[in-house]
Amino acid sequence: MKPRTQIVFLLGALVLVGAVSSMKRRGSASRTQDNGSCCSPVPAPPAETVARHADPEATNDAICTLMAYYFHGTVRCETCLQIEALAQAVVEQQFGAEVAANRVIWESVNYDLPENQHYLADYNLPCPSLVLVLLREGQPQEWKLLANTWQLVHEPAKLSNYVETEMRNLIDGQEQPISTGQTGFPQRLDQQ
54 MKPRTQIVFL LGALVLVGAV SSMKRRGSAS RTQDNGSCCS PVPAPPAETV
104 ARHADPEATN DAICTLMAYY FHGTVRCETC LQIEALAQAV VEQQFGAEVA
154 ANRVIWESVN YDLPENQHYL ADYNLPCPSL VLVLLREGQP QEWKLLANTW
204 QLVHEPAKLS NYVETEMRNL IDGQEQPIST GQTGFPQRLD QQ
């Protein structure tokens, strides 16, 4: 590897370590009114702030539906965009039949918009995050924040496998059911 490439690689690694360290320190602490991003700013590509690949209202309410949400801020970094692209590809490529039947729905949500800020508290979002939500009769029953996406982003095959496995576990009912909290909103699967 050339010295210049090594320097660029080391600088990139330092930025990633700093972002992960910052995420760990912040945990599920409340956000300030800044852009809410835990990563270096890069203007987001022009797109809708909420992009639906299927209409959850069109699903049969008697059937369970898995929502795969990617929550992000208005200002995006390359890593955030890469996680979203890889996760969306898994949904579209590995769950195509379920997407066509409205049993799996991909949605990208900008949590900086006033109408979406409740998601920060609803799902204890520490930064841009992938969250899987199992709906029964149109109501959220179980959810899981996929916390390892940031650690696996530079290993696309492992990240894709992680996302697919977690989705299949929820779809196949391999996760233990959860109870709802006092607010009636489901608690995280990984906090029981």
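If you want the working numbering, it's the position in the sequence shown, counting the first as 1, plus 53. We put the CB at the ideal spot given by N, CA and C, even for glycine. This structure is a prediction, so every number in the text was calculated from the model and none was measured.
Under 8 Å Cβ to Cβ from residue i, same chain only, skipping five residues before and after it: list those, please.
| i | result |
| --- | --- |
| L139 | V206, P209, L212, S213 and V216 |
| T202 | I136, A140, S182, L183, L212, Y215 and V216 |
| A154 | none |
| V162 | T102, V103, Y122, Y123, F124, H125, N169 and Y172 |
| G226 | none |
So is the beta-carbon of residue i under 8 Å away from any non-hydrogen atom of the ligand FMN?
| i | result |
| --- | --- |
| P179 | Judged by which ligands are present, the structure shown has none, so any question about the ligand FMN falls away. |
Taking a contact to mean a Cβ-Cβ separation below 9 Å, would you say residue i touches residue j in this structure?
| i | j | result |
| --- | --- | --- |
| L183 | Y122 | yes |
| V143 | E151 | no |
| L185 | W196 | yes |
So if DSSP puts residue i in a beta bridge, which residue, or which two residues, is it bridged to?
| i | result |
| --- | --- |
| P193 | L188 |
| L183 | Y123 |
| L198 | V184 |
Tell me which same chain residues have a C-beta within less than 7 Å of the C-beta of residue i, skipping the five on either side of it?
| i | result |
| --- | --- |
| R189 | C117 |
| E219 | L185, K197 and L199 |
Along the chain, where does the beta strand (DSSP E) containing residue i start, and where does it finish?
| i | result |
| --- | --- |
| A121 | T118 to H125 |
| E160 | V157 to N163 |
Please go through the same chain and pick out, in chain order, the residues whose beta-carbon is closer than 6 Å to the beta-carbon of residue i, but skip the five residues on each side of it.
| i | result |
| --- | --- |
| F148 | V157 |
| I224 | L119 |
So what does DSSP say about residue i, is it helix, strand or coil?
| i | result |
| --- | --- |
| V206 | coil |
| G310 | In this structure the chain extends from 54 to 245, so residue 310 is not present and cannot be described. |
| R84 | Because the pLDDT of R84 is 34, which lies under 50, any placement of that residue in the model is unreliable, and the question is left without a value. |
| L178 | coil |
| L166 | coil |
At what residues does the alpha helix (DSSP H) containing residue i begin and finish?
| i | result |
| --- | --- |
| Y172 | H171 to D175 |
| A154 | Where A154 is concerned, there is no enclosing alpha helix (DSSP H), given that its DSSP letter is neither H nor E. |
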